Amino acid sequence: MGLGSEVKKASVKRIYRLAKANVCFLQETKLELVTMDVVRKLWGDDNCEFRFVAVTGRSGGLLTMWNKYEFLLLKEWSDGRLLVIKGRWVKEDLEVVLINVYAPNLVYEQNILWGVLTEVIIQFASPWIRGGDFNVVQCRSERSRCVGSAKGSREFDNFIQTCKLIDLPLVGKKFTWYEPDNKKSRLDRFLVEEHWLIQIKDLQQLGLKRSVSDHIPILLADVEIDWGPKPFKFINGWFKKKECASLIEKGWSNIGSLNGHLTRKLRKLKGVLKKWNGDNCNVLENRIVEYEDRIKVLDGISDKRVLNEGEMEGLKRLNVEVWDAMKFKESLWQQKSRMMWLKEGDANTAFFHRAAKIKAKRKTIYRMKIGRVYDFFKNHFRGCGRNWRMEMELDFKRLKESEVEKLEVPFSIEEIRDAIWSCEEFKAPGPNGFNMCFFIKCSNTVKDDVFRMMSDFHRTGKMERSFNCSFIALIPKMDNSNEIADFRPICLVCSLYKIVAKVLS
Numbered sequence: 005m006g007l008g009s010e011v012k013k014a015s016v017k018r019i020y021r022l023a024k025a026n027v028c029f030l031q032e033t034k035l036e037l038v039t040m041d042v043v044r045k046l047w048g049d050d051n052c053e054f055r056f057v058a059v060t061g062r063s064g065g066l067l068t069m070w071n072k073y074e075f076l077l078l079k080e081w082s083d084g085r086l087l088v089i090k091g092r093w094v095k096e097d098l099e100v101v102l103i104n105v106y107a108p109n110l111v112y113e114q115n116i117l118w119g120v121l122t123e124v125i126i127q128f129a130s131p132w133i134r135g136g137d138f139n140v141v142q143c144r145s146e147r148s149r150c151v152g153s154a155k156g157s158r159e160f161d162n163f164i165q166t167c168k169l170i171d172l173p174l175v176g177k178k179f180t181w182y183e184p185d186n187k188k189s190r191l192d193r194f195l196v197e198e199h200w201l202i203q204i205k206d207l208q209q210l211g212l213k214r215s216v217s218d219h220i221p222i223l224l225a226d227v228e229i230d231w232g233p234k235p236f237k238f239i240n241g242w243f244k245k246k247e248c249a250s251l252i253e254k255g256w257s258n259i260g261s262l263n264g265h266l267t268r269k270l271r272k273l274k275g276v277l278k279k280w281n282g283d284n285c286n287v288l289e290n291r292i293v294e295y296e297d298r299i300k301v302l303d304g305i306s307d308k309r310v311l312n313e314g315e316m317e318g319l320k321r322l323n324v325e326v327w328d329a330m331k332f333k334e335s336l337w338q339q340k341s342r343m344m345w346l347k348e349g350d351a352n353t354a355f356f357h358r359a360a361k362i363k364a365k366r367k368t369i370y371r372m373k374i375g376r377v378y379d380f381f382k383n384h385f386r387g388c389g390r391n392w393r394m395e396m397e398l399d400f401k402r403l404k405e406s407e408v409e410k411l412e413v414p415f416s417i418e419e420i421r422d423a424i425w426s427c428e429e430f431k432a433p434g435p436n437g438f439n440m441c442f443f444i445k446c447s448n449t450v451k452d453d454v455f456r457m458m459s460d461f462h463r464t465g466k467m468e469r470s471f472n473c474s475f476i477a478l479i480p481k482m483d484n485s486n487e488i489a490d491f492r493p494i495c496l497v498c499s500l501y502k503i504v505a506k507v508l509s
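Heads up: the sequence shown begins at 5 in this note's numbering, then just goes up one per residue.
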């Protein structure tokens with residue numbers, strides 16, 4: 005952006021104050037020397053430290069500033085295109101590497117820089133964040149009314165994939181660079197590693213308002229979002245706890261028949277499970293730490309003398325308890341990640357945790373233009389109004405009377421059971437929160453109520469209105485989706501509706 009004028013310095017200061025940032029990356033400063041007087045005008049006070057890379061020729065120059073009371077510098081490294089600082093966040097007591105990037109325009113020079121950045125990752129083992137002007141887009145949708153290098157985009161995307169970088173959705177903007185002739189591109193971004201998604205719940209990349217520069221400022225921040233109360237979801241991993249099955253059986257029996265209203269019984273059971281899960285999940289992590297501490301004590305004793313029989317049995321029991329607790333934790337994150345192609349045990353908890361976090365970031369809807377949603381879907385599903393007239397003399401095979409009678413006989417328990425057991429256990433549930441795993445694992449407990457429900461449906465041809473309730477999940481078709489047409493609607497139907505549909509099919 006160039007920091008030669010007082011107007012641009014004042015603009016940077018204003019953006020910094022509004023964003024309340026504790027670290028600031030600036031690219032293309034076009035300054036040969038950066039002094040504390042210059043930084044003070046940008047930062048606003050003396051509570052900062054800085055490092056810079058001088059301009060080369062007529063372009064370039066990097067400046068990184070930070071709050072000296074919140075970030076302590078440990079190590080630094082730079083060249084003409086990179087400014088790397090390693091330091092420690094004081095509050096979190098965490099060592100991190102921050103990389104300020106100003107990439108060249110030419111593809112072969114960019115490839116050299118991607119190689120240098122890859123080496124930096126190996127050299128600095130701490131968690132890192134890299135951000136700046138990469139002067140290339142990742143795909144064609146990140147450009148408008150301007151031409152870019154397809155090879156450069158492929159190389160950049162390959163660099164991101166090879167280094168396992170994560171490009172968070174840019175919230176609030178689609179492009180980061182604007183020209184007066186309406187040319188636009190997304191050249192600027194932060195690239196982070198998986199560590200930050202695990203450590204920071206609501207990490208977002210926010211596009212702020214553009215001022216005197218042709219690039220928008222980008223804020224990487226932990227933005228807390230109140231999504232409201234979370235809907236209940238049955239967790240398959242609950243069955244790993246011995247008391248779960250007996251709790252469900254006892255709770256189901258205590259609820260009673262409720263005049264055959266299966267949905268009401270499920271609603272009552274939901275309350276029982278939520279209370280039990282809350283009591284257990286609150287202590288899961290503490291329980292793991294407690295087991296590990298007790299194992300550590302026994303290991304320390306074994307370093308000094310041979311453990312007696314009671315201590316050996318206690319150590320074996322603790323190892324089993326830790327294993328069971330960690331497997332339970334793994335199953336929770338596996339279900340959240342929806343990694344259907346991996347069987348439990350093929351990956352660890354951290355893998356499923358990362359997969360769930362990354363998927364959540366990519367699927368989260370941060371903004372959407374409201375209005376005319378009903379009209380959009382009405383037009384989307386409306387028929388074209390064409391009158392079809394077909395005169396075809398085809399000899400279709402017809403069912404025999406005996407076959408027709410078989411189609412109309414009441415549903416059998418075996419038929420219902422086979423339909424339920426053919427369903428995928430991990431599929432997302434509908435509004436009642438109970439997936440098919442619940443009905444499979446608890447078939448002996450709920451089979452009479454399910455059979456009664458299906459018999460009533462066969463006799464009356466009607467089902468409870470709540471059976472047809474569903475969630476509509478909007479899946480983004482592209483990055484930075486904000487129009488209703490940019491999303492693919494997925495209907496998450498109620499498990500009871502699935503059972504009816506499966507039996508009928």
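Quick reminder that beta carbons are idealized off the backbone N, C-alpha and C, glycines included.
Remember, predicted model here, so these are calculated numbers, not experimental data.
Nearest neighbour of residue i, chosen from the options [CA to CA]
i           : options            : result
residue 252 : 279, 295, 233, 509 : 279
residue 432 : 474, 185, 419      : 474
residue 469 : 442, 489, 435      : 435
residue 93  : 109, 105, 106, 75  : 75
residue 488 : 500, 464, 369, 402 : 369
residue 417 : 458, 137, 437      : 458
residue 330 : 241, 317, 411      : 241
residue 187 : 202, 90, 150, 112  : 150
residue 471 : 477, 449, 503, 447 : 503
residue 18  : 49, 39, 407        : 49
residue 456 : 428, 8, 500, 81    : 500
residue 105 : 298, 52, 122       : 122
In DSSP terms, what residue i is bridged to
i           : result
residue 80  : 89
residue 222 : 211
residue 60  : 63
residue 305 : Residue 305 is not bridged to any residue.
residue 104 : 87, 135
residue 477 : 494
residue 53  : 70
residue 170 : 196
residue 44  : Looking at the DSSP assignment, residue 44 forms no beta bridge with any residue, so it has no partner.
residue 334 : In DSSP, residue 334 forms no bridge with anything.
residue 175 : 210
Assigned secondary structure, residue i (DSSP; H/G/I helix, E/B strand, else coil)
i           : result
residue 73  : coil
residue 114 : helix
residue 180 : coil
residue 31  : strand
residue 21  : helix
residue 402 : coil
residue 228 : coil
residue 271 : helix
residue 190 : coil
residue 148 : strand
residue 99  : strand
residue 507 : helix
residue 248 : helix
residue 471 : helix
residue 126 : helix
residue 257 : helix
For residue j and residue i, the rounded distance between their alpha carbons
i           : j           : result
residue 255 : residue 461 : 25 Å
residue 172 : residue 180 : 14 Å
residue 192 : residue 379 : 36 Å
residue 315 : residue 430 : 40 Å
residue 281 : residue 498 : 22 Å
residue 454 : residue 294 : 42 Å
residue 239 : residue 444 : 13 Å
residue 209 : residue 174 : 5 Å
residue 35  : residue 153 : 29 Å
residue 323 : residue 291 : 13 Å
residue 496 : residue 333 : 25 Å
residue 88  : residue 234 : 41 Å
residue 63  : residue 32  : 6 Å
residue 71  : residue 166 : 33 Å
residue 261 : residue 464 : 20 Å
residue 9   : residue 58  : 17 Å
Endpoints, the beta strand (DSSP E) within which residue i is located
i           : result
residue 485 : First-last for residue 485: undefined, no H or E at that position.
First and last residue of the uninterrupted alpha helix (DSSP H) at residue i
i           : result
residue 26  : Residue 26 -> no alpha helix (DSSP H), and no H or E assigned at all.
residue 384 : 377-385
residue 454 : 447-464
residue 423 : 417-425
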